[in-house]
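Engineer: One structure coming up, written as structure tokens, with questions to follow.
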Amino acid sequence: MPDLNTEQPQGGLCTAPPPAGSVASGGLPGEVELALTETVEPIAGAHAGRATYAALLASHAFIDIFPIFFTSLMIVFEERFALTGGQKVAIYMTTPIFSGSLQPFFAWLTDRFDTRLCGPIGLALGALCCGSIGFAQNFWQLIALQMVGVIGTGMYHPIMTAVAGRLGGQIVRGRALAIGVFIAAGMLGQSSGPIISTRINKAFGMEHLAWLIAPALVLAIILHLLVGRVKHRHDGHADHHATLSTAERRARWRLIGLLTVQNALRFTTNVALFNMFNEWATRKIVAAPSLLADPTMRDAALKAVAANKALIVGKLSAAMTIGMGISVILAPRLVKAGREKKPLIWLSMIGALFVAGIGLVGDAAVPGVRVLSQVGDTLLVSEPITLRQLLPVCACAACSAIGFFATFPISASLAQRLMPAHTGVATSLMMGAGWAISAISAPMAALLVHGSITRGTGSGEAWRIHMGFAVFALLLVLAGLLAAAMPSKLLHAVRNEQ
0 MPDLNTEQPQ
10 GGLCTAPPPA
20 GSVASGGLPG
30 EVELALTETV
40 EPIAGAHAGR
50 ATYAALLASH
60 AFIDIFPIFF
70 TSLMIVFEER
80 FALTGGQKVA
90 IYMTTPIFSG
100 SLQPFFAWLT
110 DRFDTRLCGP
120 IGLALGALCC
130 GSIGFAQNFW
140 QLIALQMVGV
150 IGTGMYHPIM
160 TAVAGRLGGQ
170 IVRGRALAIG
180 VFIAAGMLGQ
190 SSGPIISTRI
200 NKAFGMEHLA
210 WLIAPALVLA
220 IILHLLVGRV
230 KHRHDGHADH
240 HATLSTAERR
250 ARWRLIGLLT
260 VQNALRFTTN
270 VALFNMFNEW
280 ATRKIVAAPS
290 LLADPTMRDA
300 ALKAVAANKA
310 LIVGKLSAAM
320 TIGMGISVIL
330 APRLVKAGRE
340 KKPLIWLSMI
350 GALFVAGIGL
360 VGDAAVPGVR
370 VLSQVGDTLL
380 VSEPITLRQL
390 LPVCACAACS
400 AIGFFATFPI
410 SASLAQRLMP
420 AHTGVATSLM
430 MGAGWAISAI
440 SAPMAALLVH
450 GSITRGTGSG
460 EAWRIHMGFA
470 VFALLLVLAG
480 LLAAAMPSKL
490 LHAVRNEQ
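For the sequence shown, numbering that gives the first Met the number 0 assigns the number 0 to the initial residue and increments by one for each residue that follows.
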């Protein structure tokens, strides 16, 4: 990792070397380049730097609101477009594939042409497309808006993470803290996204998500004006890397591969939980048979059920995202460089326990099924599910992040120290690659709950839902076992390579 203590020009923004790397969002979700033993010096132009860093935080919080619309509103999409199981799976898979897999390309593009334009353009493009999903008339229009929108949100992350690490790392005294705060800002957006989208949908209709476009465009313009002159690239340690023996280079790449597989398993569990929340909520609220049998009431009943289920999914998704934001700041501050092996093991195991328990805790806290029925001229749910009832399962969802997100900055930092001359490639493998691979979580969830990847409609049996949570917990256990296979000697050897 580059030395941050470089001389700064008078009266300008900092020019210390930035982190290289691309990220996983949609955000998603995270992006990290950490150094656990960094020191920094005051820089000239600190006030301008703080304003730019604040704009980065605001933009990250705002852009990460949008990708999560597609999981939070899935039940609404299912009712509005009469989605088949295969179409639901396609929506779940689109975000990680089109956002994650293209991030390395945009990281290369910004380095190749030394530009920050992908950040503001990505913010504007993501807001325009994701904010317009309420105007989609069919599945194909929805999926087209999703594809272009998440390409935009993915485009934003690599370059803005590099700028945040370079600029913010000197303002808040430490690149690790700067990137952690930047990620936490994104988590704030992700935790707000489900609540914002479901509340707007229920109160005004999904078309009014377009209200979010205008402030996003204004923020994109401000971001362009502030970050346009902030350099993001740095010279790596190519000379140092050239001195390594062939055997040591291969050992380092093998460890990079091991970390990549671990992160892919963790990301798969992370994304799968959004799917599983939908499955669990689908079983909790149903329309009365008399309403479904009445042609004049059927559509209204299905829409009301979908809106109520979406509120539950929104709360669970927000709780998990809050847990992700807290863990991503705390974990890297508690783990020393060179000693990552044991934390990567036990964090995975602890997280697996919470993932496996989500369905069981949820059924204990919210037993039975709520029925939507007609009372006068109003459709009401019998015994509405309150936030107090959801608190235990929300707590379980939040703590599950220990297994797949507390580990995230630790593995990314280690990868960058293993490959100081190729931090961009290493970071892309830790984040973009794992995010793209996590697309398999949607068909996995459908297969576990419904017995087929194309039978994603209706409610799954309780035991199958519990089995689904357990299987995804086992992926975290497997990630922990792979962490146990990491060579401690190599971890210790690279502990000071910053």
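Virtual Cβ for every residue (Gly too), placed ideally from N, Cα, C.
Just to confirm before moving on: does the CB-CB distance between G188 and I62 stay below 9 Å?
Structural biologist: Yes. Within cutoff.
Engineer: For K302 and S372, I'd like the C-alpha separation in whole angstroms.
Structural biologist: Each residue's alpha carbon lies about 13 Å from the other.
Engineer: Ends of the beta strand (DSSP E) at A435?
Structural biologist: Here A435 belongs to no beta strand (DSSP E); instead the alpha helix (DSSP H) covers 433-436.
Engineer: Whose C-alpha, out of A143, I409, A280, is nearest the C-alpha of G364?
Structural biologist: The question names Gly, but residue 364 is Ala in the sequence shown. Comparing Cα positions, the closest option is A280.
Engineer: In this structure, what does DSSP give as the bridge partners for T245?
Structural biologist: Its beta-bridge partners do not exist; DSSP assigns none.
Engineer: Going by Cα to Cα distance, which pick from Q136, T109, S98, M186 is closest to D148?
Structural biologist: It is worth fixing the name first, because residue 148 is Gly in this sequence and not Asp. With distances taken between Cα atoms, G148 lies closest to S98.
Engineer: Report the rounded CA-to-CA distance for A54 versus I221, giving the unit in angstroms.
Structural biologist: Each residue's alpha carbon lies about 8 Å from the other.
Engineer: Is the beta carbon of S316 less than 9 Å from the beta carbon of F353?
Structural biologist: For S316 and F353, no; Cβs fall outside 9 Å.
Engineer: Going by alpha carbons, who is nearest to L243 out of I384, P419, F69?
Structural biologist: Comparing Cα-Cα distances from L243 to each of I384, P419, F69, the minimum goes to P419.
Engineer: Short check: CB of C129 to CB of P66, under 9 Å?
Structural biologist: Yes, they are a contact pair.
Engineer: Whole beta strand (DSSP E) runs in the region 248-298 with 3 or more residues, listed along the chain?
Structural biologist: Listed in chain order, the complete beta strand (DSSP E) runs (minimum 3 residues) inside the region 248-298 are 284-286.
Engineer: Grab the span of the alpha helix (DSSP H) containing I120 for me, first residue to last.
Structural biologist: Segment 117-129, the alpha helix (DSSP H) holding I120.
Engineer: With distance defined between alpha-carbon atoms, name the residue in C117, I90, A89, A209 nearest to L101.
Structural biologist: That would be C117, whose Cα lies nearest to the Cα of L101.
Engineer: Could you give the DSSP three-state label for L389: helix, strand or coil?
Structural biologist: The answer is helix: DSSP assigns L389 an H, G or I state.
Engineer: What residue range does the alpha helix (DSSP H) around E339 cover?
Structural biologist: E339 -> no alpha helix (DSSP H), and no H or E assigned at all.
Engineer: If contacts are defined as beta-carbon pairs under 8 Å, then A197 and A330 qualify, I think. What distance do you get, rounded to the angstrom?
Structural biologist: Sequence check: residue 197 is Thr here, not Ala. Actually they do not touch by this definition, with Cβ atoms about 29 Å apart.
Engineer: Just curious, the alpha helix (DSSP H) that V226 is in, first and last residue?
Structural biologist: V226 -> alpha helix (DSSP H) spans 212-226.
Engineer: Does the beta carbon of L108 come closer than 9 Å to any beta carbon on chain D?
Structural biologist: Protein chain content of the structure displayed is limited to a single chain, and chain D is not contained in it.
Engineer: Name the DSSP beta bridge partners of R369, please?
Structural biologist: In DSSP, R369 forms a bridge with I284.
Engineer: Do you know offhand how far A177's Cα is from L359's?
Structural biologist: Approximately 38 Å, taken between the alpha carbons.
Engineer: Please report the distance separating the alpha-carbon of E278 from that of R463.
Structural biologist: Answer to the nearest angstrom: the Cα atoms are 10 Å apart.
Engineer: Considering only residues of the same chain and omitting the five flanking positions on each side of A143, which have a CB-CB separation below 7 Å?
Structural biologist: Around A143: no qualifying Cβ.
Engineer: Is the distance from the Cβ of V392 to the Cβ of G433 below 9 Å?
Structural biologist: No, these two residues do not count as a Cβ contact at 9 Å.
Engineer: Taking only the alpha-carbon atoms, compute the straight-line gap between F403 and F105 and give it to the nearest angstrom.
Structural biologist: So the two alpha carbons sit approximately 25 Å from each other.
Engineer: Touch check for the region 259-274 and the region 326-340: three-plus C-beta pairs under 8 Å?
Structural biologist: Result no; under three Cβ-Cβ pairs closer than 8 Å.
Engineer: Below 8 Å, how does it come out for the region 69-80 and the region 193-207: are there three or more Cβ pairs, yes or no?
Structural biologist: Short answer: they touch.
Engineer: Counting Cβ pairs, one atom from each stretch, are 3 or more of them under 8 Å apart for the region 196-211 and the region 131-146?
Structural biologist: A contact exists between the region 196-211 and the region 131-146.
Engineer: Would you identify the three-state DSSP class for T426, choosing helix, strand or coil?
Structural biologist: DSSP places T426 in helix when its eight states are reduced to three.
Engineer: Can you tell me which of the three DSSP states M186 falls into?
Structural biologist: Three-state result, M186: helix.
Engineer: By the three-class DSSP mapping on this structure, what secondary structure does A57 have?
Structural biologist: Helix, per DSSP.
Engineer: Residues bridged to L378 by DSSP?
Structural biologist: According to DSSP, which records beta bridges pairwise, L378 is partnered with Q373.
Engineer: Between the C-alpha atoms of Q388 and Q145, what's the straight-line distance to the nearest angstrom?
Structural biologist: About 33 Å.
Engineer: Looking at L446 and T268, is the spacing between their C-beta atoms short of 9 Å?
Structural biologist: Contact flag unset, no.
Engineer: Can you determine whether any heavy atom of the ligand FMN sits closer than 8 Å to the C-beta of T267, and answer yes or no?
Structural biologist: The model on display carries no ligand, and the ligand FMN is accordingly not part of it.
Engineer: Helix, strand or coil for N200 per DSSP?
Structural biologist: Note: N200 maps to helix in three-state DSSP.
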